[in-house]
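K.L.:
Let me give you the structure first, and then I'll get to my questions.
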Amino acid sequence: MLRILLWWRVKLVDMETGSVRRVLAVKPDGPWLVLVDGIIWNVESRNNGVDKPFDMSRIGLLPLLERPREEVERRARQALGPDDSDFAEVLHAVIQCALAGPSEYWISLALPWMIADEVGHFAELLREIAVGRSRTQATQHAAKRLLKENGHWPIVWRHPRN
739 MLRILLWWRV KLVDMETGSV RRVLAVKPDG PWLVLVDGII WNVESRNNGV
789 DKPFDMSRIG LLPLLERPRE EVERRARQAL GPDDSDFAEV LHAVIQCALA
839 GPSEYWISLA LPWMIADEVG HFAELLREIA VGRSRTQATQ HAAKRLLKEN
889 GHWPIVWRHP RN
């Protein structure tokens with residue numbers, strides 16, 4: 739479960755007084771993925787430095803998909819300690835945002851970014867993409883291929899031809 743700041747329940751952490759650590763720049767000039775008190779993910783805006791609750795700013799992390807996953811993980815892990823929140827939570831949130839969103843572009847980047855262990859986690863969204871009519875054929879086939887390769891596509895029995 740993602741540990742997030744809820745807009746209506748928790749006051750936003752003051753960037754000057756809270757324990758906020760920049761973990762990863764989404765782009766060279768920001769925004770930044772930050773970790774609050776080692777447990778709560780947030781996004782720091784590049785415009786005004788105010789952090790945004792993670793659930794309201796995941797879309798701003800989508801440009802991470804334009805970089806190799808290995809590079810993103812390596813850079814983030816360099817800034818994280820053993821007791822910090824799991825970075826996989828962020829990766830899953832970015833993939834979820836891309837797969838559930840309306841943009842063919844982000845979906846097409848998220849599919850090859852996924853690792854085998856994540857396919858089961860996103861199987862329902864991948865099935866919707868694979869059988870839906872709103873995506874390109876290439877995207878549908880890529881989603882179906884991921885599901886098949888990882889044992890999440892139903893095998894339909896067909897009568898053998900005589």
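Counting in the numbering used here, the sequence shown tops out at residue 900, every number present. By construction, the Cβ of each residue, glycine as well, lies at the ideal position given by its N, Cα and C atoms. Computed from a prediction, not measured in an experiment: that's the story for all the values here.
#1: With H, G and I counted as helix, E and B as strand and the rest as coil, what does DSSP make of R873?
#2: Leaving out five residues on either side along the sequence, give the residues of the same chain with a beta carbon under 7 Å from the beta carbon of L802.
#3: As an exercise, report each continuous beta strand (DSSP E) stretch of at least 3 residues that is fully enclosed by the region 756-799, in chain order.
#4: The alpha helix (DSSP H) that contains D855, what's its start and end?
#5: Three or more C-beta pairs closer than 8 Å, one from the region 835-847 and one from the region 871-886: is that the case here?
#6: When you compare the CB positions of V774 and S757, do they come within less than 8 Å of one another, or not?
#7: Assuming V857 and L885 form a contact by the criterion Cβ under 8 Å, report the distance between their Cβ atoms to the nearest whole angstrom.
P.N.:
According to the structure shown:
#1: As a first step, residue 873 is located in the sequence shown; it is residue number 135 there, counting from the start. In the structure shown, R873 adopts coil according to DSSP, grouped into three states.
#2: For the purposes of this step, residue 802 is taken as residue 64 along the sequence shown, with counting starting at 1. The answer, listed in chain order, is V764, V810 and V832.
#3: Counting only runs that start and end inside the region 756-799, the beta strand (DSSP E) elements of at least 3 residues fall at 758-763, 770-774, 778-782 and 789-791.
#4: Locating residue 855 in the sequence shown gives position 117, where the first residue counts as 1. Run containing D855: A854 to V857, per the alpha helix (DSSP H) assignment.
#5: With the rule of 3 Cβ pairs closer than 8 Å, the region 835-847 counts as touching the region 871-886.
#6: Numbered from its first residue, the sequence shown carries residue 774 at position 36. Numbered from its first residue, the sequence shown carries residue 757 at position 19. S757 sits close to V774, with the two beta carbons spaced by under 8 Å.
#7: One-based indexing of the sequence shown puts residue 857 at position 119. One-based indexing of the sequence shown puts residue 885 at position 147. L885 and V857 do touch by the CB rule: their CB atoms are close to 7 Å apart, below 8 Å.
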